[in-house]
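S.K.: Protein chains in written order, with the working numbering: chain A, 4 to 762; chain B, 4 to 762.
Just so it is clear, CB atoms sit at the ideal spot from N, CA and C, and this is done for glycine as well.
Attaching a single structure in structure tokens format; questions to follow.
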């Protein structure tokens, strides 16, 4: 069936299920068939305007020098970007916030025992061109932002990835990290979790290194021969306690304007308490070779050619000294507006950051240049065809994302009231590369994402990016993904944790959000190192900018549909299904934990762990664990049923007006759409999550102990995982209340729809 | 309940279930309570005679020089061992066979392209003591016995472990090994499978190396600092096609006596067709660094500090030249007899080999010296207490096990008729070390093993070795082992594949067998290298010979019970249960394969594998596979039910005579016991397994493509695995027939028992 044939179907608005059940149904959800056809034509026109040469030009221009937040080049880039937007007809302003970003003054790491070694702690810059010269002159040295200041001396302990489970292993071997310095591998969690857990366990310092097994020679040739990590390369990055709160640590819950009220630094609870330093594999090897003690378990072993041991005995002692300059830094956000022709107070936001840790070709430029090209093409569309979006479009280019999502968070906090009222949705991007579509976000927008992904052609295969993603799930996916992919042809939306600028929108303000990227076929070791350069990106990650263009296509279609749909494309049946799946997961989590706890306690009671242990190695049996009670999941189960009914009722209402030929009154649509985009706010709780009130979303949060990785139904899931039984029941109530509020909003939309649908 | 209390239980013979259900029931299965108590006392007396000093003395003495089969030291050791047996009162003879064992004359391996490298192919001998000097002077250099002669030049391809699945991966990348030399890692199968599969796939040569990820620095400190593999160390070993037939390749099915009829060498079908050479990790690194092409999948990656690539493009070319001296060598078996006082024509055999690849402290001396100490203690027992075994005991010390189980196989083939008639059971050992009991064998003897293991105390924990093994299963086992260990307190007997001298007994002649060792807490990299020395063993593997002594205890009890039980301790309920479990596995295998085949074919039909593949890498989709039909498992299911009923009937008969107080007539016992130990013969089929008639056992065989690893119900299982549908149905019939014959033998024993049990 061609799109034209659809015109003759007497459908008022395309209903999602039809779209979802058959990719052949292309009428964009939320549009009347005739408007849908025009919309598809406009999107095709949009795609035809995109030009890879612009992406290449801009990336090259903005990556000639390091452009971390506060650097001259970051300011220069911000002004360059603002100039571009203005040239394309956007009402553009630079919004500046004054944020705390520490810069290293002293970085010293030595082995004192069993023999003295002073580590160089530097990345080898390759080449002698202008970029290499700028790197030598201006790059921030490897460090972790918001590490504690200080000098510590202590025995060195290897703690694998530095996660809670790893400390369980150390305890079994009788190794206590109190008063010691832990050395951990990157990976397995967001980096900030490693010093956070180390500090909780009593360690006095934390070293993080890149093991070549993760992104070095084990994975492929190292740069400059290949994309993988040079042995001197170091991943920089923030260790602010962002799972507690993103943004400036001195201005919680408010924008870091010039005159904002600021906490004294020693009261800033998200700053790491102990010194933390990232080092290269070549430096780490020197430390690890000096460790003694038992050999670590297999899953702790990296790929350095040595025997990984626990250390911790005191025979290996290290000294770590770090001092930072704790001054405020100006962060330059660029906000570019194209005012909506019909609903100027409904804002569709599209964002990407511009600051980098060093040169940042991939992170963030590979996401930013598609955003710029999207904005340019929208400008051309307006110029050429007279098109104006019905809703106001905001292109937001954030500064200081890297240290703590500062630009986006301060702006969200500063404009919270207006955003809560007006923000329809936020579409985020960040670094991207060659491969498969990765799209995560609010599940009420799953149908929108699924339909848009069906329209965009994969540059390498000619299939839709959606079909290609599904193929990879069916062929190479986990068992769970295979099962999901078999159940329907359309894509499944991932859930958002953290790691980029959507966090303040979604999880603090309850604005439905997307994060979009391509990934999976162009891995590398450049992340947050000196080697994330134009040369690296264009040789290894997306030569020809094909996937950068595909990203512009996906995001362009998402933005255009959100901007112009008569009825906003919220489809609550997808959300209802997905949230029920999450509920199934947490009930299973509780059941599995109950069973495994029983079994472990039984083994302990019989003394079997001790009997099974090698007596020549230290072994401390674990303590018996408190049994897992049964929880009142019925509250959530009832709420989920209520949501399902509400979602169905909304969908029926949508169907019941299929015969209506007349366009509804604008006032009715205003009320309906407002109810729709405000629905996501209902999923927030005012109190927020336990111990982190800034995070309010009851469905999506970064894990308290994963950092970036999402925890869905986070209050409930984490209470169970952390064995806080009373809190689990309390969080079940909070989540159930949120689902009930959400269902109520949906019912409100359904009743407005019924009213609207009447001729 | 103390053992004494048992005396008052009116049980004629201890019935296995009681023993199996409670380890507190110590009365040895097959004994009357009063005899059982005496038996336990005799076993205690036996254990008290064991002295670790002897083990140390003999191991030191027999490991001063290399003692591979045919070497002067092997002959010297054989004569020394024979002398010991004679001194302890055994009727002892040296039985010599003349077997084909190739010795290397030329070993050359070079990289020709992209740059010339000639590999040294030598192990670095450490130290300057007499042993080191002897190693330098007399050790066989690293080689694979029964490699083909020849010189080959060709592109080098890395093929991971060299198994069928690995070639599937190569095919997906469009890499053909025809006319090329493959380089494979040790591990994942018996080594001989690697050149066998390489040859089947068209390769012209095969190199096998030790990756440090398997037994080198990744696992622990390398020798001499620790137990793990020195980077120059090379695992020697046979590549004769032993899954087809063990023993001298020139004298199939008959003993290689001086005047035996011999095949010409070019008709010996088990000799490898292509040259094969084992090399060290330090040599392998030079070859692997030269390979180009795509990076291999994660599970192909070893621990060398380089990027593992497929190669195969022709840019990397190697030359391998091997020449061997193909002369016959005398193999000196030692057979020492203690004639049975009541049943001289019922033979209980206990064996271990004496030849090594080099010095062989662990392999085989750590198994041999406990056997010698067992024999010495039996001699003392006889001298001190006048005890004589009721049945004839044969201590067999084999030569030339390493090249092809030559000593044991030729002896079994030579004495096949007598053994079929008289052999009750064979108890084998080989290398051992510190850790957990590993006991595998014929499942009719599971109760015997379980009871004996309950009596032997673990040297490190004071628990029984059985309880300790169960603890390790429950705490660290796979899910399947955990499940089994929960189901009962007694140990489960493993199934025998191959890799030591039990193979001709069990799988060729149908003599119920055991293989016993301790393992799991003292790993090392010494296997078949120059580093398997007294120093290595006593520093790292079993300091103090504690586990060698425990091995002597377990094997002593097994042998004593087999020798003296009034009714031989065959318990068919365990066999019936276990064989039913195997049947469940093969039916599941067929179902799983049917499902996965359907799914894979469906994906192919939709073109999804190609769509999911990275277009910048070569990718050849697999061909659709023939669907898996349904098989007539009913035949086997009915036979298994029949066996279950027979086993139950035998057990009931045993119970029905519990009240009998009178000892049965000797003639009745003769007939009964003969039926019992002949039962295992019923599990053979005269035709043997497909393509390997020498292997006749229908329940246990080494895998045709695993080499040592067992395949239970091998005809059926391998037919399904190899997608030979007609053969699967045929093998189901053969296996069902074997189970029916077995059930008939058991019914015969039951009827004799009923007769016997009558006063």
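Taking only runs of the beta strand (DSSP E) that begin and end inside the segment 147 to 188 of chain B, which ones reach a length of at least 3 residues, in chain order?
M.R.: Segments of the beta strand (DSSP E) lying fully in the segment 147 to 188 of chain B: 153 to 161, 184 to 188.
S.K.: In chain order, which continuous runs of the beta strand (DSSP E) of length 3 or greater are located wholly inside the segment 270 to 298 of chain A?
M.R.: The segment 270 to 298 of chain A contains these whole beta strand (DSSP E) runs: 279 to 282.
S.K.: Are the CB atoms of residue 432/B and residue 352/B nearer to each other than 8 Å?
M.R.: Going by C-beta atoms, residue 432/B is not nearer than 8 Å to residue 352/B.
S.K.: Give a yes or no on whether 8 Å exceeds the smallest Cβ distance from residue 403/A to chain B.
M.R.: Output row for residue 403/A: interface = no.
S.K.: Should the segment 384 to 393 of chain A be called in touch with the segment 76 to 87 of chain A, which here means at least 3 C-beta pairs below 8 Å?
M.R.: Cβ pair count under 8 Å is below three, so no.
S.K.: For residue 370/A, collect the residues of the same chain with a Cβ closer than 6 Å to its Cβ; drop the 5 residues on either side in sequence, then sort them by chain order.
M.R.: Only 355, 432, 433, 434, 435 meet the Cβ criterion.
S.K.: Hey, how far is the Cα of residue 237/B from the Cα of residue 497/B?
M.R.: So the alpha carbons of these two residues sit roughly 29 Å apart.
S.K.: Using DSSP's beta-bridge definition, name the partner residues of residue 392/A.
M.R.: Answer is none; residue 392/A lacks a bridge partner.
S.K.: Output yes or no for whether 8 Å exceeds the beta carbon distance between residue 212/A and residue 282/A.
M.R.: Their beta carbons are under 8 Å apart, which means residue 212/A touches residue 282/A by this criterion.
S.K.: Rank 198/A, 746/A, 748/A by C-alpha distance to the C-alpha of residue 276/A and give the top, closest one.
M.R.: The option with the nearest alpha carbon to residue 276/A is 198/A.
S.K.: Pick from 190/B, 182/B, 188/B, 467/B: whose alpha carbon is nearest that of residue 204/B?
M.R.: Comparing Cα-Cα distances from residue 204/B to each of 190/B, 182/B, 188/B, 467/B, the minimum goes to 182/B.
S.K.: Which whole-angstrom value describes the C-beta separation of residue 192/B and residue 164/B, a residue pair presumed to lie in contact below a C-beta threshold of 8 Å?
M.R.: Rounded, the Cβ-Cβ distance is 6 Å, consistent with contact.
S.K.: What did DSSP end up calling residue 755/B once you bin it into helix, strand or coil?
M.R.: Helix, per DSSP.
S.K.: Within 10 angstroms of its Cβ, does residue 118/B collect 16 or more other Cβ (buried), or is it exposed?
M.R.: Exposed, by the Cβ-count rule.
S.K.: Within 8 Å, do at least three Cβ pairs link the segment 532 to 540 of chain B to the segment 620 to 634 of chain A?
M.R.: No: fewer than three Cβ pairs fall under 8 Å.
S.K.: Against chain C, with Cβ distances strictly below 8 Å, would residue 625/B count as a contact?
M.R.: Looking for chain C here will not work: the only protein chains present are A and B.
S.K.: Residues of the segment 481 to 497 of chain B in Cβ contact with chain A at a cutoff of 7 Å, in chain order, please.
M.R.: Here the close residues number zero.
S.K.: Check whether the segment 54 to 63 of chain A touches the segment 466 to 484 of chain A, taking contact to mean three or more Cβ pairs, one atom from each stretch, closer than 8 Å.
M.R.: Touching, no, given that fewer than three Cβ pairs across the two stretches are closer than 8 Å.
S.K.: From the DSSP output, in three-state form, read off residue 347/A for me.
M.R.: It is a strand residue.
S.K.: With a threshold of 8 Å between beta-carbons, can residue 1/B be considered close to chain A, or not?
M.R.: In the structure as shown, chain B begins at 4 and stops at 762. Residue 1/B is therefore absent and cannot be evaluated.
S.K.: What do you reckon, are the CB atoms on residue 126/B and residue 590/B nearer than 8 Å?
M.R.: Cβ distance not < 8 Å, so residue 126/B and residue 590/B don't count as in contact.
S.K.: Since residue 113/A sits in a beta bridge, which residues does DSSP pair it with?
M.R.: Per DSSP, 121/A, 322/A.
S.K.: Count the C-beta pairs between the segment 678 to 687 of chain A and the segment 512 to 526 of chain A that are closer than 8 Å, then say yes if the count reaches three, no if not.
M.R.: Taking 8 Å as the limit for Cβ pairs, the verdict is that the segment 512 to 526 of chain A does touch the segment 678 to 687 of chain A.
S.K.: Does the beta carbon of residue 463/B sit closer than 8 Å to a beta carbon anywhere in chain A?
M.R.: Chain A, which has a Cβ nearer than 8 Å to the Cβ of residue 463/B, makes this yes.
S.K.: Please determine, among 173/B, 185/B, 375/B, the residue with the shortest C-alpha to C-alpha distance to residue 401/B.
M.R.: If we check each option's Cα against that of residue 401/B, 375/B comes out closest.
S.K.: When we look at the beta-carbon of residue 248/B and count the other beta-carbons within 10 Å, is it buried (16 or more) or exposed?
M.R.: It is buried - the Cβ of residue 248/B has at least 16 other Cβ atoms within 10 Å.
S.K.: Measuring alpha carbon to alpha carbon, tell me which residue in 180/A, 50/A, 698/A, 350/A is nearest residue 339/A.
M.R.: Answer by Cα proximity: 350/A.
S.K.: Indicate whether the contact test is met: 3 or more Cβ pairs, each with one atom in the segment 401 to 415 of chain A and one in the segment 452 to 469 of chain A, closer than 8 Å.
M.R.: Too few Cβ pairs lie closer than 8 Å, so no.
S.K.: Give the range of the alpha helix (DSSP H) segment to which residue 533/B is assigned.
M.R.: Here residue 533/B belongs to no alpha helix (DSSP H), and DSSP marks it neither H nor E.
S.K.: Which parts of the segment 401 to 440 of chain B are runs of the beta strand (DSSP E), unbroken and 3 residues or longer, counting only runs that do not cross its ends?
M.R.: Listed in chain order, the complete beta strand (DSSP E) runs (minimum 3 residues) inside the segment 401 to 440 of chain B are 426 to 432.
S.K.: Does the beta-carbon distance from residue 251/B to residue 409/B come in below 8 Å?
M.R.: Yes.
S.K.: With a CB to CB cut of under 7 Å and the five nearest residues on each side skipped, what residues in its chain are close to residue 91/B?
M.R.: Closer than 7 Å at Cβ, skipping near neighbours: 378, 379, 382.
S.K.: Using a Cβ-Cβ cutoff of 7 Å, what residues of the segment 596 to 615 of chain A are near chain B? List them in chain order.
M.R.: Of all residues in the segment 596 to 615 of chain A, 606, 611, 612, 614, 615 have a Cβ within less than 7 Å of some Cβ in chain B.
S.K.: Going by DSSP in three states, residue 380/A sits in which element: helix, strand or coil?
M.R.: Of the three classes helix, strand and coil, the one that applies to residue 380/A here is helix, per DSSP.
S.K.: Between the segment 168 to 181 of chain B and the segment 216 to 235 of chain B, are three or more C-beta pairs nearer than 8 Å?
M.R.: No, they do not touch.
S.K.: Would residue 722/B and residue 734/B qualify as a contact pair, given that the criterion is a beta-carbon distance under 8 Å?
M.R.: Cβ distance < 8 Å, so residue 722/B and residue 734/B count as in contact.
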